[in-house]
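Asker: What follows is a structure written as C-alpha cells; I'll ask about it next.
Protein chains in written order, with my numbering: chain A, 629 to 741; chain B, 15 to 130.
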C-alpha cells in the first residue's frame with residue numbers, strides 16, 4: 629500500500645543542535661513532497677515543498693530538505709535549532725496531478741533551552 | 015495570505031446529536047476543500063475531498079451518510095457529523111487549495127469535537 633513513513637516520533641534535543649527528520653514514501657510515480665509544521669496550539673503551516681528542479685529545497689525558518697529519488701526520501705534538516713522550533717513536523721506526499729495529501733505520522737520535536 | 019478559518023474551535027455534544035463544522039477561506043477562493051481527521055499522536059487522515067458545487071469524494075472507509083460534506087461556495091465548506099457517538103470524538107481539520115497553485119493546501123486551525 630502507498631504510504632509515508634516518519635521515524636523517531638519523539639525527538640528531544642538541545643538548542644544549537646542539528647536536526648534531521650527522515651521521511652520515506654512508497655509511491656511509484658512522480659510525486660510532490662511537503663513538510664508541514666504544527667506549533668503548539670496552532671494550525672498546520674507549510675515549511676517547504678518540492679515539485680521539480682533542484683532536489684535541495686530551502687524553506688522558512690532555516691529549514692531545508694533534500695529529495696533523493698533513488699531512496700524515495702525527503703529528509704528535513706536544520707543545522708542549529710532554537711527553542712521556538714519545538715513543534716510537530718509532518719511529511720506529506722501527493723502524486724503528480726493529484727491533490728490528495730498523504731501524511732506521515734509526524735515527529736514531535738522538543739528543543740530544550 | 016491564504017487564511018482558512020474553522021468554526022467552532024471546540025464543541026461538546028451529546029451522543030446521538032448532529033454537529034456542523036464550518037470551514038471558510040477568508041482571502042482566497044478555494045476551488046477544492048479537504049477534510050481531515052487527526053487522532054492523538056497520529057497523522058492526519060484524509061476523509062474527503064470536495065469541489066465547489068459538486069458532491070464530495072470520500073476516502074475508503076469513511077461513511078458518507080455519517081459525515082455529510084457540503085461545499086456550496088468557493089469560500090465555504092461544511093462538515094456535519096450526524097448522530098455523533100463517542101468514537102467520533104476527534105480533531106477535525108479542513109484545508110483549501112487554489113486551482114493551479116501546484117496543489118498547495120492551506121489549513122484551518124481545526125475543530126476539537128468531544129461526544130459525551
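Glycine is no exception: its CB is placed at the ideal position from the N, C-alpha and C atoms.
Helix, strand or coil: which one does DSSP assign to residue 150(B)?
Answerer: In this structure chain B extends from 15 to 130, so residue 150(B) is not present and cannot be described.
Asker: Let me check understanding here. Comparing Cα to Cα, which of 71(B), 57(B), 62(B) lies closest to residue 108(B)?
Answerer: Of the listed residues, the one whose Cα sits closest to residue 108(B) is 62(B).
Asker: Who are residue 686(A)'s beta bridge partners in DSSP?
Answerer: Answer by DSSP bridge pairing, in chain order: 692(A).
Asker: Considering only C-alpha positions, which residue in the set 28(B), 54(B), 37(B) is nearest to residue 66(B)?
Answerer: Nearest option by C-alpha distance: 37(B).
Asker: Rounded to a whole number of angstroms, what is the C-alpha to C-alpha distance between residue 647(A) and residue 32(B)?
Answerer: One C-alpha to the other measures close to 44 angstroms.
Asker: Within its chain, find whatever has a CB closer than 6 angstroms to the CB of residue 653(A); leave out the 5 residues flanking it on each side and keep chain order.
Answerer: Closer than 6 angstroms at the Cβ level, and outside the excluded window around residue 653(A), lie 632, 700, 721.
Asker: Against residue 43(B), what residues of chain A qualify as contacts under a CB-to-CB distance less than 7 angstroms, listed in chain order?
Answerer: The contacting residues do not exist; residue 43(B) stays about 15 angstroms from chain A at best.
Asker: Just reading off the beta strand (DSSP E) that residue 20(B) is part of, what are its end residues?
Answerer: It spans 18-21 - the beta strand (DSSP E) in which residue 20(B) sits, taken as one unbroken run.
Asker: What are the uninterrupted segments assigned as beta strand (DSSP E) that are 3 or more residues long and contained completely in the stretch 42-102 of chain B, given in chain order?
Answerer: Listed in chain order, they are 46-52, 58-65, 81-87, 90-95.
Asker: Which of the three DSSP states is assigned to residue 706(A) in this structure?
Answerer: Note: residue 706(A) maps to strand in three-state DSSP.
Asker: So, at 7 angstroms on beta carbons, what are the nonlocal neighbours of residue 73(B) in its own chain, with the 5 sequence-adjacent residues on each side left out?
Answerer: The residues are 60, 61, 62.
Asker: Let me confirm a value: residue 30(B) is counted as buried when at least 16 other C-beta atoms fall within 10 Å, else exposed. Which label applies?
Answerer: Its Cβ having fewer than 16 others within 10 Å, residue 30(B) is exposed.
Asker: Compile a chain-ordered list of the residues in the stretch 718-729 of chain A whose CB is closer than 7 angstroms to at least one CB of chain B.
Answerer: Cβ contacts with chain B: 718, 722, 727, 728, 729.
Asker: To the nearest angstrom, how far is the alpha carbon of residue 16(B) from that of residue 726(A)?
Answerer: So the two alpha carbons sit approximately 20 angstroms from each other.
Asker: Whose C-beta lies closer than 8 angstroms to the C-beta of residue 79(B) among residues of the same chain, with five residues either side of it excluded?
Answerer: Only 96 meet the Cβ criterion.
Asker: If you measure from the beta carbon of residue 695(A) to each beta carbon in chain B, is any gap under 7 angstroms?
Answerer: Not one chain B Cβ lies under 7 angstroms of residue 695(A).
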